[in-house]
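Here the structure is laid out as structure tokens; the discussion comes afterwards.
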Amino acid sequence: MSASDFYQETAARVEKALQYCDDTQAVVIGEQTLEQVGVFFKRLFPNERAIVVADVTTFALAGKRVLEELAAAGISTDEPFVYNEPDMHAEMRFVDVLKERLAVADAIPVAVGSGTVNDLCKYASSLVGRSYIAVGTAASMDGYASFGASIEYNECKQTFSCPAPRGILIDMDVVCKAPIKMNAAGFADLIAKIPAGADWILADLIGTEPIDTIAWSLVQDSLRDWVANPEGVASGDRKALTFLMEGLIMSGLAMQKAKTSRTASGAEHQFSHLWDNQHHKFNGEAPSHGFKVGVGTVATSALYERILSTWNESTFDAAIIAIPDNFRSWATIEKELEENFGNSGLYETVKRECAKKFVEPNELERRLKLFRNNWVELKTRLSKQLMPAAEIQELIAAAKAPATPEEIGIERTRLQKSYALAQQLRYRYNCLDWMQDMGLWEETVDSLFQANGFWCS
Ligand SMILES: [Zn+2]
């Protein structure tokens with residue numbers, strides 16, 4: 002295999018995925034691809050003008066070059082829009098200023114940056130009814146190709162529905178020079194698809210969110226290869242980073258195909274959303290999305306490990322018999338939500354989500370019987386899907402991302418409470434809901450923090 006054959010492998014897999022996507026028409030991942038940006042733009046937006054959108058860092062890194070290449074290709078360009086704010090993050094006021102500028106620009110945005118710039122530009126572009134191009138500068142998250150943008154609004158991080166970019170261009174020369182912690186965050190966001198897949202298997206079995214087999218394949222078929230070289234990710238190895246970038250973009254394309262982020266996110270992401278909405282900071286800074294997701298990934302993997310090593314069919318029999326004793330009425334849940342979220346901006350959201358997933362005892366019984374009657378196959382499938390928590394931790398650590406909660410400033414007691422709060426955050430059925438349905442929270446989640454438990458310190 003020649004040195005660059007992996008680019009062709011990547012291109013072939015991405016090309017196959019694109020046939021299922023409505024928004025994104027072209028993805029280029031390679032070396033020295035910035036010089037192709039003019040041709041790329043003309044192909045996707047013939048006869049249009051362009052406006053480069055970046056922040057000061059990404060403008061210096063690649064934005065200036067993109068501007069020069071567009072001009073060299075004869076494309077008329079607007080004055081670039083460069084964010085120069087010390088506290089720049091994905092927040093609505095930063096969308097608003099860009100939207101105002103785009104509204105009078107009559108040009109196609111070319112977003113040069115990673116998570117924040119892309120999310121801001123994705124949403125602002127959609128608000129003015131325009132598509133855009135993303136030029137990614139780091140393998141830091143899976144949002145390049147996803148529909149929807151994660152933006153803070155009214156002090157809550159929320160996902161706003163909007164189309165994915167029409168084109169994505171990645172220059173691996175730029176990505177390889179990105180700060181280690183950014184690519185490390187992307188690695189953690191990608192390895193999260195392991196327990197996220199397990200959560201989807203549960204939802205599929207009980208019928209709340211059936212698996213979309215194409216979207217599943219786009220994320221899961223090559224996942225083990227994409228996360229196989231965390232040391233390479235940390236050391237800037239081209240192949241490792243190309244595969245990481247491919248995995249993140251494929252995850253986005255899968256979300257675009259399935260029109261849901263279920264394909265790429267499960268309970269592990271709910272830990273991250275929880276800490277986002279608690280405005281958690283460590284050493285004065287909010288840990289990156291990937292860093293929080295990575296800790297969530299270890300947390301749910303540890304829970305699955307506990308389940309798979311201790312449960313058998315009689316566990317379900319006992320849980321079915323105990324339904325009348327363990328059943329939590331809506332009044333009980335509502336009271337809990339008020340205690341947990343009453344003072345936060347999340348209260349209405351969690352109430353709506355929990356109401357949506359609230360079920361009566363007869364539905365609970367149906368579910369538990371389904372789990373019981375399919376336990377042998379389910380256990381086999383989950384075991385094949387998952388990795389031991391310690392192994393996930395080693396991989397995350399090798400990529401130079403935080404593998405323990407303390408590394409992002411979360412104490413064990415807070416982590417334990419976070420399992421419970423994360424469960425209430427979203428309708429999406431996952432391993433935390435499963436523990437509630439089984440009435441086995443103490444025996445599973447709480448036991449992780451007791452003697453011989455995974456989180457016993
Ligand atoms: Zn993510």
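Going by the numbering used here, the first residue of the sequence shown is number 2, and it counts up by one from there.
Glycine is no exception: its CB is placed at the ideal position from the N, C-alpha and C atoms.
Only a predicted model underlies this, so the values are computations on that prediction, with no experimental measurement involved.
Segment limits, beta strand (DSSP E) that includes residue i
| i | result |
| --- | --- |
| Ile169 | Gly168 to Asp172 |
| Phe82 | Phe82 to Tyr84 |
| Gly297 | Element bounds for Gly297: not the beta strand (DSSP E) but the alpha helix (DSSP H), His290 to Thr311. |
| Glu378 | No beta strand (DSSP E) contains Glu378, which is instead part of the alpha helix (DSSP H) from Trp376 to Gln386. |
| Ala112 | Ile109 to Gly114 |
| Ile152 | Ala150 to Tyr154 |
Check whether residue i and residue j have beta carbons under 8 angstroms apart
| i | j | result |
| --- | --- | --- |
| Leu128 | Lys100 | yes |
| Ser302 | Ile393 | yes |
| Phe46 | Val83 | no |
| Asp107 | Arg50 | yes |
| Glu306 | Ala402 | no |
| Gln386 | Ile195 | yes |
| Leu433 | Ala268 | yes |
| Val220 | Thr160 | no |
| Ala165 | Gln20 | no |
| Asp174 | Glu32 | yes |
| Leu249 | Gly187 | yes |
| Gln425 | Val377 | no |
| Gly454 | Cys157 | no |
| Ala323 | Ala259 | no |
| Ala235 | Val176 | no |
| Thr445 | Leu304 | yes |
Straight-line gap, residue i to residue j (C-alpha atoms, nearest Å)
| i | j | result |
| --- | --- | --- |
| Ser262 | Val67 | 30 angstroms |
| Arg14 | Asp326 | 51 angstroms |
| Leu35 | Leu170 | 8 angstroms |
| Thr209 | Pro180 | 40 angstroms |
| Val54 | Leu449 | 46 angstroms |
| Ala400 | Cys163 | 31 angstroms |
| Met2 | Ala398 | Here the model assigns Met2 a pLDDT of 49, short of 50, so the residue's position is not dependable, and the following value carries that caveat. Cα to Cα, the separation comes out at about 29 angstroms. |
| Tyr348 | Asp238 | 44 angstroms |
| Arg485 | Ala204 | Coverage of the chain is limited to positions 2 through 458, which leaves residue 485 absent and any answer about it impossible. |
| Arg102 | Ile109 | 12 angstroms |
| Ile52 | Gly75 | 14 angstroms |
| Thr25 | Pro362 | 44 angstroms |
| Asp447 | Asp79 | 57 angstroms |
| Gly167 | Val57 | Here the sequence assigns Arg to residue 167, which means Gly is not the residue at that position. If you take the alpha carbons of Arg167 and Val57, they lie about 24 angstroms apart. |
| Leu441 | Gln37 | 56 angstroms |
| Glu443 | Glu86 | 46 angstroms |
| Asn431 | Val29 | 34 angstroms |
| Lys282 | Glu314 | 43 angstroms |
| Pro81 | Ala72 | 12 angstroms |
| Met439 | Val111 | 49 angstroms |
| Arg415 | Ala27 | 43 angstroms |
| Tyr428 | Arg353 | 9 angstroms |
| Ala332 | Asn230 | 49 angstroms |
| Gly343 | Glu337 | 9 angstroms |
| Thr243 | Glu153 | 30 angstroms |
| Leu206 | Phe41 | 43 angstroms |
| Ala125 | Val96 | 5 angstroms |
Limits of the unbroken alpha helix (DSSP H) element including residue i
| i | result |
| --- | --- |
| Cys157 | First-last for Cys157: Cys157 to Phe161, but that is the beta strand (DSSP E), not the alpha helix (DSSP H). |
| Pro325 | Ile324 to Asn327 |
| Tyr21 | Premise fails: Tyr21 is in no alpha helix (DSSP H) and is neither H nor E. |
| Ile52 | From DSSP, Ile52 is part of no alpha helix (DSSP H) but of the beta strand (DSSP E) over Ala51 to Asp56. |
| Gly137 | Counting along the chain, Gly137 falls outside any alpha helix (DSSP H), though it belongs to the beta strand (DSSP E) covering Ile134 to Gly137. |
| Asp231 | Per the sequence shown, the amino acid found at residue 231 is Pro instead of Asp. Segment Pro231 to Ser236, the alpha helix (DSSP H) holding Pro231. |
| Cys1 | The requested residue 1 is not part of the displayed model; the chain covers only 2 to 458. |
| Glu339 | Trp331 to Phe342 |
| Glu443 | Trp442 to Thr445 |
| Leu62 | That residue, Leu62, is in no alpha helix (DSSP H); it is neither H nor E in DSSP. |
| Trp276 | Ala268 to Asn278 |
| Lys258 | Arg239 to Ala259 |
| Asn453 | Segment: none, Asn453 is in no alpha helix (DSSP H) and carries neither H nor E. |
Residue nearest to residue i in terms of C-alpha spacing, selected from the options
| i | options | result |
| --- | --- | --- |
| Phe292 | Asp190, Met173 and Val111 | Asp190 |
| Gly295 | Met183, Ala72, Leu203 and Arg353 | Met183 |
| Met89 | Ala400, Ile397 and Ala287 | Ala287 |
| Trp456 | Pro362, Glu407, Leu426 and Leu441 | Glu407 |
| Asn10 | Glu247, Leu309 and Thr25 | The question names Asn, yet the displayed sequence has Glu at residue 10. The shortest C-alpha separation from Glu10 is found at Glu247. |
| Glu92 | Thr138, Ser151 and Glu69 | Ser151 |
| Ile409 | Thr58, Thr350 and Trp276 | Trp276 |
| Lys17 | Asn155, Met388, Ala255 and Ala197 | Ala255 |
| Asn375 | Val96, Ser223, Ile202 and Phe41 | Ile202 |
| Asp120 | Ala139, Phe148, Val105 and Ala104 | Phe148 |
| Gln417 | Val299, Ser289 and Ala319 | Val299 |
| Lys65 | Arg94, Asp226 and Val136 | Val136 |
| Trp435 | Ile192, Asn155 and Leu365 | Leu365 |
### Query
Quick check: the stretch 351–363 against the stretch 269–276, are there 3 or more CB pairs under 8 angstroms?
no
### Message
Counting beta carbon pairs with one atom in the stretch 138–147 and one in the stretch 103–122, are three or more of them shorter than 8 angstroms?
### Response
Judged by Cβ distances under 8 angstroms, the stretch 103–122 makes contact with the stretch 138–147, as three or more pairs qualify.
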